[in-house]
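Take a look at the structure set out below.
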Amino acid sequence: MVYGGLEKKIEFLKPIFDRVGFMHGRIASPGQMQVPIDEGISRPAAAVGVVDYFADFRTLWKRAMKGFLDHAERGDVLIFAPELLDGTHYYARLFPGPDGKMTEESDRYAQALLYAKIARRLFQEASAAR
611 MVYGGLEKKI EFLKPIFDRV GFMHGRIASP GQMQVPIDEG ISRPAAAVGV VDYFADFRTL
671 WKRAMKGFLD HAERGDVLIF APELLDGTHY YARLFPGPDG KMTEESDRYA QALLYAKIAR
731 RLFQEASAAR
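Converting from the sequence shown to the working numbering requires adding 610 to each position, the first position being numbered 1.
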C-alpha cells in the first residue's frame, strides 16, 4: 500500500470493505510480511521509511470495521483474529540470540494481545463515527 495515495486505494477497495464479516490481523512493512509493533500506539521502531505503514494499517482496519458496522444486523459479530506466524514460515524475523540460537524478533503472544487492544480501540472509534 506504500505507493500512490492511500485514499484512492481505500475508495477502490470500498466494495470489499462493505462486505467485511471477519478480519485477519497482521501488520507488515514494504520489506517484511510481519513486523513487531511497540506499545501499539505510535510508529514502530522498525518503521524507518518515509511511509508510516502502522498508521496505514490502522486506517484500513478501521475502515473495514466501519464497513462491517454499516451493514451489520442485530446480533452480528465481527471476529478479529491476529495472524502472527513464526519464523519457520518466513514471517517472523529471526536473529541470533546470546546462545547462538535463532530467535524471533518479538513475542508473538504479546504482539497478538497488542493487536487485540488496537482492534478494540479502532472498533470503538468506528462505532462512535457512525
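The beta-carbon is built from N, C-alpha and C at its ideal position, and this holds for glycine as well.
Among residues of its own chain, excluding the 5 on either side of residue i, which ones have a beta-carbon nearer than 6 Å to its beta-carbon?
| i | result |
| --- | --- |
| residue 643 | 701 |
| residue 733 | 675 |
Return the CA-CA distance between residue i and residue j, expressed in angstroms with no decimal places.
| i | j | result |
| --- | --- | --- |
| residue 685 | residue 630 | 15 Å |
| residue 633 | residue 641 | 22 Å |
| residue 619 | residue 663 | 14 Å |
| residue 671 | residue 696 | 22 Å |
| residue 668 | residue 707 | 31 Å |
| residue 731 | residue 710 | 39 Å |
Spell out the partners DSSP gives residue i in its beta bridges.
| i | result |
| --- | --- |
| residue 714 | 704 |
| residue 689 | 632 |
Using a Cβ-Cβ cutoff of less than 7 Å, which residues in the same chain neighbour residue i once the five nearest sequence positions on both sides are dropped?
| i | result |
| --- | --- |
| residue 636 | 644, 693, 694 |
| residue 715 | 646, 702, 703, 705 |
Here's a check: name, in chain order, each residue in its chain whose Cβ is nearer than 8 Å to the Cβ of residue i, leaving out the five neighbours to either side.
| i | result |
| --- | --- |
| residue 740 | 676, 679, 680 |
Out of the options, state which residue places its alpha-carbon closest to the alpha-carbon of residue i.
| i | options | result |
| --- | --- | --- |
| residue 698 | 708, 690, 712, 666 | 712 |
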